[in-house]
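Engineer: The structure is given below, and queries will be raised subsequently.
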Ligand SMILES: Cc1cc2nc3c(=O)[nH]c(=O)nc-3n(C[C@H](O)[C@H](O)[C@H](O)COP(=O)(O)O)c2cc1C
């Protein structure tokens, strides 16, 4: 890829930074439905994929409230919005943006099919309210606009008719509809969807084949691996024979979540790739922390495209090749050790600008991104929240009136997603600057003026950080960048420390969140051995007359990783590159 990298958000045309240039009339042309590789090639053979991501909490609410799900739908819902997808694409030159395919967050098929309000608050292809029934408007410019393609809309479902009804609403505005077969959360178990359909291969077949036969756009599916390669292969074959055009394989088991997430198994994905017919289009998912991991994953697995979820949330520029040192502009910072990354202030303001355009407003004119040596006069006024707001506890925010002009925004998925996206983006930044964390916790959906103030706070702190870095010849950040040793008794390959050493950057640069691997979490007491495992150990110890050596810890909720993780394959070490945790 040419290092023709998108740079600062200031002073550039909306199109250049992936913004929405405003309403445009784009008649939807009815295309012939393609399948498999022909379909994949028709959408530009995307190599990079923004994963489907939804905030699970909204579904928890829906399930528990059951009868009054309406209430749940207004609660804290977010997902990868159009603005975020556009932001992720914006780091590539316009000519290369179709190499990024994006998924919507998972929508609940039955709710989507049955409830206009749910549809309106989750997927907005037009500014006009969507009619209850077809024909749908053919002039989209929001979700699924030409600048938001290729786009797959994802559903969870367990009823083919509900899935088809939901899919029909979105089909005019997307390239394919994806079936979520990977959600491992308790709510998916209760609702019988996501990874909890694994045991019901006949239902999976019916869900996919119904869309394959009836829907005007192709169907795809995202699965997790099973406990054996042979079982995973049979699963993949079922999904493909039902009519899925693309198979995404998340290389983790259903049990690999929370502290047990651990590493994805690229070896199994490679093995699947080799067993399945050559023309099968496959995406790999798992273990992507930074840009270089994308190529490593592709080489290790042989897939067509690589999907990133958490890596993309932490760094929406993850799919763009970092600029060469001589081509770096203000947006990309590089330290004296040669390591660099996109600056948080640049990514934050670029995201805000795209949100403004997605909600049909003009972003403010911005000064050039600061570099040491620039005029520092603006740094004399420190940006802060208004004292009334700063002194109030975060939950009071809802009681305040939003200025009228912003009120209407609160039903846009683009603005409801902002707070969660910014917390991910600024995760490292806010651990250092807790006042920004507190400000972000207080801001209400739709309150763009307060987001502007928070951006100013971030810009101010980044400028100070950069000035200090230059003044001290890099020493100001040395302690922050120090990474401890691999804990005693844990092999490097089972530790997140090597990944931390590789990826850690100053807090003014966007970077991945790296969590302890299961053995480290266990050593720290974050997870404990299961009751069953403890009993087995106690029994074994008793038999050996050695009972005193069993652990005295209380029983944990989660099972011990040894019981759950797939046994290491001969190639495990290679497959575990990069040393990722998510
Ligand atoms: C916040 C969050 C929300 C997610 N929501 C979805 C979802 O709606 N549908 C889905 O198929 N997977 C979902 N996932 C799983 C991711 O798509 C992905 O499979 C998983 O995080 C592994 O990829 P990663 O290692 O790049 O993070 C979600 C993951 C995260 C972190």
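Numbering (my numbering), first residue to last: -5 to 576. The beta-carbon is built from N, C-alpha and C at its ideal position, and this holds for glycine as well. Note that the structure is a prediction, hence the values are computed from the model and not measured.
1) Measuring only the C-alpha atoms, how far is residue 345 from residue 182?
2) Can you check whether the CB of residue 96 is closer than 9 Å to the CB of residue 44?
3) Let me know if residue 125 comes out buried or exposed under the rule of 16 or more other beta-carbons within 10 Å of its beta-carbon.
4) Grouping DSSP H, G and I as helix and E and B as strand, with all else coil, what is residue 480?
5) When DSSP labels each residue in this structure, what does residue 187 get in the three-state scheme?
6) Are the beta-carbon atoms of residue 369 and residue 449 separated by less than 9 Å?
7) Given 8 Å as the limit, tell me if residue 407 has its C-beta closer than that to any heavy atom belonging to ligand 1.
8) What are the start and end residues of the alpha helix (DSSP H) that includes residue 408?
9) Quick one: using the 10 Å Cβ neighbour count with 16 as the cut-off for buried, is residue 156 buried or exposed?
10) What do you reckon, is the C-beta of residue 75 under 8 Å from a heavy atom of ligand 1?
11) Give a yes or no on whether the C-beta atoms belonging to residue 86 and residue 371 are separated by under 9 Å.
12) Compute every distance between the C-beta of residue 307 and the non-hydrogen atoms of ligand 1, then say whether any falls below 8 Å.
13) Compute the beta-carbon to beta-carbon distance between residue 416 and residue 409, rounded to the nearest angstrom, for a pair I have assumed lies under 8 Å.
14) Since residue 220 sits in a beta bridge, which residues does DSSP pair it with?
15) In terms of residue numbering, what span does the alpha helix (DSSP H) encompassing residue 422 cover?
16) At the level of alpha carbons, what is the spacing between residue 112 and residue 147?
17) Tell me whether residue 299, by its Cβ, gets closer than 8 Å to a heavy atom of ligand 1.
18) Considering only the beta carbon of each residue, do residue 94 and residue 140 sit closer than 9 Å?
19) Would you check if the region 245 to 259 and the region 198 to 212 touch, i.e. whether three or more CB-CB distances between them fall below 8 Å?
20) DSSP has residue 43 in a bridge; who is on the other side?
21) Could you please give me the residues that DSSP links to residue 269 through a beta bridge?
22) Pull up the CB-CB distance for residue 452 and residue 335, whole angstroms please, since I reckon it's below 8 Å.
23) With hydrogens ignored, establish whether the beta-carbon of residue 509 is closer than 8 Å to any heavy atom of ligand 1.
24) Can you tell me whether residue -2 is helix, strand or coil according to DSSP?
25) Do residue 49 and ligand 1 come close, with the Cβ less than 8 Å from some heavy atom?
26) Along the alpha helix (DSSP H) that carries residue 447, what are the first and last residues, could you check?
27) Could you work out which residue in 326, 145, 399 is closest to residue 171 when comparing CA atoms only?
28) Taking 9 Å as the CB-CB limit, is residue 310 close to chain D?
29) Of all the options 29, 520, 447, which has the alpha carbon lying nearest to the alpha carbon of residue 383?
30) Nearest by alpha-carbon distance to residue 414: which of 429, 445, 398 is it?
31) Can you grab the Cα-Cα spacing for the pair residue 261 / residue 296, in whole Å?
32) Just curious, the beta strand (DSSP E) that residue 241 is in, first and last residue?
33) Looking at residue 137: is its Cβ nearer than 9 Å to the Cβ of residue 117?
34) Residue 347 by DSSP, collapsed to three states: which one?
35) Closer than 6 Å by C-beta to residue 206: which residues in its own chain qualify, once you throw out the five before and the five after it? Chain order, please.
36) To which residues of the same chain is residue 348 closer than 6 Å at the C-beta, ignoring the five residues directly before and after it?
Structural biologist: For this structure:
1) 31 Å
2) With a cutoff of 9 Å on beta-carbon distance, residue 44 and residue 96 are scored as near each other.
3) exposed
4) Coil, per DSSP.
5) coil
6) no
7) no
8) 407 to 410
9) Taking all protein chains shown into account, residue 156 has 16 or more neighbouring C-beta atoms within 10 Å of its C-beta and is therefore buried.
10) No, since every heavy atom of ligand 1 falls outside the 8 Å radius drawn around the Cβ of residue 75.
11) no
12) yes
13) Contact doesn't hold; Cβ gap of about 12 Å is too wide.
14) Per the DSSP secondary-structure output, residue 220 pairs with nothing in a beta bridge.
15) In the DSSP assignment, residue 422 falls within the unbroken alpha helix (DSSP H) covering 421 to 426.
16) CA-CA distance, residue 112 to residue 147, rounds to 15 Å.
17) It does not: the Cβ of residue 299 is nowhere closer than 8 Å to a heavy atom of ligand 1.
18) no
19) no
20) 95, 301
21) Looking at the DSSP assignment, residue 269 forms no beta bridge with any residue, so it has no partner.
22) That pair is no contact at about 15 Å.
23) Remark: the shortest separation between the CB of residue 509 and any heavy atom of ligand 1 does not fall under 8 Å.
24) Only weak support exists for where residue -2 lies, its pLDDT of 36 falling under 50; the value from the coordinates is given anyway. Coil, per DSSP.
25) yes
26) 442 to 465
27) 145
28) Among the chains of the structure shown, chain D does not appear; only one protein chain is present.
29) 447
30) 445
31) 10 Å
32) 240 to 244
33) yes
34) helix
35) 213, 237
36) Same-chain partners within the cutoff: 13, 77, 80, 81.
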